[in-house]
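Take the sequence shown: its position 294, counted from the start at 1, is 404 in this note's numbering, and no numbers get skipped.
Don't be surprised by glycine CBs; every beta carbon is placed ideally from N, CA and C.
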Amino acid sequence: MKKVELLAPAGDKEKLLTALHFGADAVYFAGKNFGLRAMSTNFTDEQLDEAIKLVHSLNKKAYITLNVYARNNDFDALKDYLKYLQKINVDAVIVSDFGVFEFVKTYAPELDIHISTQANTTNKYSAKAYKNLGASRVVLARELSIEEIKDIKKHNKTLELEAFVHGAMCISYSGRCLLSNYLTGRDANHGECVQACRWKYYVTEENRESEKLEIQEDNNGTYILNSKDMCLIEYLDKIIEAGVDSLKIEGRMKSPYYVATVINAYRRAIDLYYKCKKDKSEYVVPSELTDELLKASHRDYTTGFMFKDGKIRQNLLSSAQAQTSKFMAVVKAVEKDRILVEMRNRFKVGDCLEVLSPNDAFLKTIDIVKMEDLKGRPIQDAKNVCEQIYIYTDVKGIKPLDILRK
111 MKKVELLAPA GDKEKLLTAL HFGADAVYFA GKNFGLRAMS TNFTDEQLDE AIKLVHSLNK
171 KAYITLNVYA RNNDFDALKD YLKYLQKINV DAVIVSDFGV FEFVKTYAPE LDIHISTQAN
231 TTNKYSAKAY KNLGASRVVL ARELSIEEIK DIKKHNKTLE LEAFVHGAMC ISYSGRCLLS
291 NYLTGRDANH GECVQACRWK YYVTEENRES EKLEIQEDNN GTYILNSKDM CLIEYLDKII
351 EAGVDSLKIE GRMKSPYYVA TVINAYRRAI DLYYKCKKDK SEYVVPSELT DELLKASHRD
411 YTTGFMFKDG KIRQNLLSSA QAQTSKFMAV VKAVEKDRIL VEMRNRFKVG DCLEVLSPND
471 AFLKTIDIVK MEDLKGRPIQ DAKNVCEQIY IYTDVKGIKP LDILRK
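Here it is, written out as structure tokens:
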């Protein structure tokens, strides 16, 4: 049985390692140009080569984003870049623009082409057209319902379909937005979005231009363009059975802790689905996994457009994100009676830290009774950023790259 792919964001090397450790089947990331996350660290050419080799050594896949809407001068460097991506054996490139699509076919014909969600594919005929042009996969528009996805797959059985199942949503059609460019000169279609849709807005009256008037929803005003975050972990059975081949997590700009938490939860949920399918039992996501998704940075959750449930998708009170746990340290090495960690937020002797792990150590807790620095000197308070510290513990099953949180 071919299992659905879990596809994770990897905005830099640390997030790449984190995504692979916590169970992603494939990762997507960008070089320094042509990807729609210009504010992300991204990868140099040499780092791309190293990343692809690492991913392939684990029998996983790597997709490179080329999803800008290109202008004339963008193409000058694209030809050589495509040849390089083909040389280092990238598994696919993610493309929005027809000009970029044509360049891939001409200068890197061995590369698979995935059609980005930015191309807003919303119907079976567009999907078929992309397939006929040479695309191997279409990343569906976020605006589709489960029934529409089924219909697209029914009429395009050999075309791979990818769908977002978790992360931030955009108020504009599949992210094709000019608001950031219009207000600040930073072009969202070149990866420079300032997320102007998250801002709080006012109106002015013609004769009182200097006076701001709130568009009130309540006493806090309103965020009329500010979407809730997508979360579909409880409906993976329906999405997989609709014909989706790859489940995509949004978040190349998010933290390694976010990547770890979300990928771990969805990995466990996908594995549960196949266990239920084998046992012919009902797919019900345990509360420990839905609770996990509250522990990472998020806005209120929505199922988006997937189901016609009539629920409000806007986050009307605030654009702020929340989380119920904090990233305290990442595990660097494991010894007999202690672990070496790299501190990310302050913790002390007497604290209780929870383990985030893809292994059996998941949700186990460590009561900190003894810590030492690298020279063996006792530490009571871990307060130096990124300091490496030994924590003594008898908790079993912890592995390097696991995370401690509070």
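DSSP places Phe211 within a helical segment (H, G or I) once states are collapsed to three. Between the stretch 265 to 279 and the stretch 353 to 362, the count of C-beta pairs closer than 8 Å reaches three or more; the two stretches touch. Judged by pairs of C-beta atoms under 8 Å, the stretch 386 to 406 does not touch the stretch 475 to 494, as fewer than three such pairs exist. A contact is defined here as three or more CB-CB pairs under 8 Å, and the stretch 201 to 217 fails this definition with respect to the stretch 361 to 378. The DSSP-derived three-state label of Val479 is coil. Three or more beta-carbon pairs separated by less than 8 Å are not found between the stretch 453 to 460 and the stretch 405 to 413, which leaves the two stretches without contact. Around the beta carbon of Tyr367, 16 or more other beta carbons sit within 10 angstroms, so the residue counts as buried.
Here Leu484 has Gln498 as same chain residues with Cβ atoms under 7 Å from its own Cβ, once five neighbours each way along the sequence are excluded.
As the crow flies, the alpha-carbon of Val465 is around 17 Å from that of Leu127.
Counting C-beta atoms within 10 angstroms of its own C-beta, Asp447 has fewer than 16 neighbours from the protein chains shown and is therefore classed as exposed. Short of 6 Å from the beta carbon of Ala306, and not among the five residues preceding or following it, lie these beta carbons of its own chain, in chain order: Leu289, Ser290, Leu293. Leaving aside the five residues that flank Ala140 on each side, the residues in its chain whose CB is nearer than 6 Å to its CB run, in chain order, Asn152, Thr175. Linking Phe185 to Asp201 through their CA atoms gives a straight-line distance of about 22 Å.
In the DSSP assignment, Leu243 falls within the unbroken alpha helix (DSSP H) covering 234 to 243. In the DSSP assignment, Tyr311 falls outside any alpha helix (DSSP H) and carries neither an H nor an E. In this structure, the beta-carbon distance from Ala180 to Gly209 falls below 9 Å. Ser467 is not a Cβ neighbour of Asp504, given a cutoff of 9 Å. Counting the other Cβ atoms within 10 Å of the Cβ of Asp491 gives fewer than 16, which makes it exposed. With a contact defined as Cβ atoms closer than 8 Å, Val165 and Ala172 qualify at about 4 Å. Judged by DSSP in its simplified three-state form, Phe185 adopts helix. Separation of Ser435 and Ile223 (C-alpha to C-alpha, rounded to the nearest whole angstrom) is 38 Å.
Secondary structure at Pro119: strand, using DSSP grouped into helix, strand and coil. Approximately 6 Å separates the beta-carbon atoms of Leu130 and Leu168; this is inside 8 Å, confirming the contact. Membership of Ser397 in the alpha helix (DSSP H) is indicated by the continuous run 397 to 405. Sequence-distant Cβ neighbours of Glu344 in its own chain, meaning closer than 6 Å and more than five residues away, are Val395.
Under DSSP, Thr412 forms a beta bridge with Met340.
The straight-line gap separating the alpha-carbon atoms of Tyr191 and Glu302 is approximately 21 Å. Spanning the alpha carbons of Gly133 and Lys125 requires a straight line of approximately 12 Å.
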